[in-house]
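Report on the structure given below.
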Amino acid sequence: MPELPEVETSRRGIEPHLVGETILHAVVRNGRLRWPVSDEIHALSDKPVLSVQRRAKYLLLELPDGWIIIHLGMSGSLRILPEDYPAQKHDHVDLVMSNGKVLRYTDPRRFGAWLWAKELEGSNVLAHLGPEPLSDAFSADYLREKSAKKKMAIKQWIMDNKLVVGVGNIYASESLFAAGIHPDRTAQSLSYAECEILVKTIKAVLLRSIEQGGTTLKDFLQSDGKPGYFAQELQVYGRAGEPCKACGAPIVTSKHGQRSTFYCRHCQH
DNA sequence: CTGGCAACCTGGTGGC
DNA sequence: TGCCACCAGGTTGCCA
1 MPELPEVETS RRGIEPHLVG ETILHAVVRN GRLRWPVSDE IHALSDKPVL SVQRRAKYLL
61 LELPDGWIII HLGMSGSLRI LPEDYPAQKH DHVDLVMSNG KVLRYTDPRR FGAWLWAKEL
121 EGSNVLAHLG PEPLSDAFSA DYLREKSAKK KMAIKQWIMD NKLVVGVGNI YASESLFAAG
181 IHPDRTAQSL SYAECEILVK TIKAVLLRSI EQGGTTLKDF LQSDGKPGYF AQELQVYGRA
241 GEPCKACGAP IVTSKHGQRS TFYCRHCQH
């Protein structure tokens, strides 16, 4: 479920329930995630939450002596629940709060992560990440310069976290469609004008999805249990064989790396 | 350094 | 109903 808009939606959903409250302790039912849940998380006790932040697709809970770093992987989600709410099969981690609620992490595929870092700068997972897509650092000048010698397909390149973070498989296809750029184009082949358009459409697509509360695919729910509504606005993702909303030609699908790509042959060049 | 791709894990779907 | 192949929102790590 989680691309950047889903993570930001989760962040906004949980923040008011955590900041100013105290984590009494954690309950780790299954610590075998992408990496083992950090020892410091098992050992949490009586720590106030100072802030809830986000970097790329990582959620960052600031405590007085360090940071809880959470990644939702492919199938993870976070909800705020009453502390006596029964745990289900894939509910792997709870943070039990002083306000009678729990932050519950559910992740069937266990590709997610719960890590601890004393300082964010010392975190392996956050090192080497590119700029945030919604920041001024992600600009046409930047994209053009970084792409000058890249022969990689632009679809794969915009999904590379070293270039820019937060553009996942759904929004890569959606952004390229909105920009009218064919996903097979090499990164270095984009003109400056195309870099400008692509940067602009990536920001617009992500912002719009955040406004809509993320994309509902399979079972993504916001932290209050409501669905995200961006799926209704998807132009190409998951629409193979259906008519392009702009020209009526059938949307086609292909692969870049191991990931499905969706595009319109007529509208994207 | 780059690019390609297998791997991590579970569940849902569609074909036979 | 059963079995099996294949698909899925992300990221790392190993290989050539």
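Here the first sequence stands for residues 1 to 269, where the numbers follow full-length UniProt numbering. Glycine included, each C-beta is placed from N, C-alpha and C at the ideal position.
Following the continuous beta strand (DSSP E) through residue i, name the residue where it begins and the one where it ends.
| i | result |
| --- | --- |
| residue 92 | 91–97 |
| residue 45 | 45–48 |
| residue 75 | Premise fails: residue 75 is in no beta strand (DSSP E) and is neither H nor E. |
| residue 109 | Premise fails: residue 109 is in no beta strand (DSSP E) and is neither H nor E. |
| residue 153 | First-last for residue 153: undefined, no H or E at that position. |
| residue 33 | It is not in any beta strand (DSSP E) - residue 33 carries neither H nor E in the DSSP assignment. |
My understanding is that residue i touches residue j, with C-beta atoms under 8 Å, so please give their C-beta distance in whole angstroms.
| i | j | result |
| --- | --- | --- |
| residue 212 | residue 228 | 6 Å |
| residue 18 | residue 103 | 7 Å |
| residue 210 | residue 8 | 5 Å |
| residue 178 | residue 201 | 4 Å |
| residue 128 | residue 162 | 6 Å |
| residue 167 | residue 158 | 5 Å |
| residue 133 | residue 165 | 7 Å |
| residue 6 | residue 241 | At roughly 26 Å, the Cβ-Cβ gap does not stay under 8 Å, so residue 6 and residue 241 are not in contact. |
Kindly indicate the opening and closing residues of the alpha helix (DSSP H) around residue i.
| i | result |
| --- | --- |
| residue 177 | 169–179 |
| residue 162 | Note, residue 162: premise wrong, no alpha helix (DSSP H); not H, not E. |
| residue 9 | 4–18 |
| residue 210 | 192–211 |
| residue 42 | 39–42 |
| residue 147 | 140–147 |
Between the Cα of residue i and the Cα atoms of the options, which residue gives the shortest distance?
| i | options | result |
| --- | --- | --- |
| residue 270 | 65, 70, 105 and 56 | Since the first residue shown for the chain is 1 and the last is 269, residue 270 is missing from the structure and cannot be characterised. |
| residue 82 | 195, 13, 100 and 75 | 100 |
| residue 75 | 62, 37, 33 and 38 | 33 |
| residue 25 | 19, 194 and 47 | 47 |
| residue 183 | 192, 191, 173 and 69 | 173 |
| residue 110 | 37, 42 and 44 | 37 |
| residue 51 | 44, 59 and 264 | 59 |
| residue 95 | 42, 56, 130 and 89 | 42 |
| residue 45 | 54, 63 and 11 | 63 |
| residue 49 | 247, 214, 39 and 20 | 20 |
| residue 257 | 124, 91, 169 and 54 | 169 |
| residue 354 | 176, 265, 112 and 29 | The structure shown does not extend to residue 354, since the chain spans only 1 to 269, so no value can be given for it. |
| residue 12 | 35, 54, 22 and 27 | 54 |
| residue 176 | 264, 107, 121 and 249 | 264 |
| residue 203 | 61, 10, 146 and 137 | 137 |
| residue 205 | 191, 224 and 236 | 236 |
Who does residue i pair with in a DSSP beta bridge?
| i | result |
| --- | --- |
| residue 56 | Partner(s): none; residue 56 has no beta bridge. |
| residue 263 | 252 |
| residue 116 | 68 |
| residue 25 | 45 and 96 |
| residue 51 | 62 |
| residue 245 | DSSP output for residue 245 lists no bridge partner at all. |
| residue 101 | 82 |
With a threshold of 8 Å, are at least 3 pairs of Cβ atoms found where one atom belongs to the segment 61–70 and the other to the segment 115–122? Yes, the segment 61–70 touches the segment 115–122.
Contact between the segment 151–167 and the segment 185–193 is defined here as three or more beta-carbon pairs at a separation below 8 Å; is this criterion met? Segments in contact, yes.
Between the segment 136–144 and the segment 193–212, are three or more C-beta pairs nearer than 8 Å? Flag = yes, the segment 136–144 and the segment 193–212 touch.
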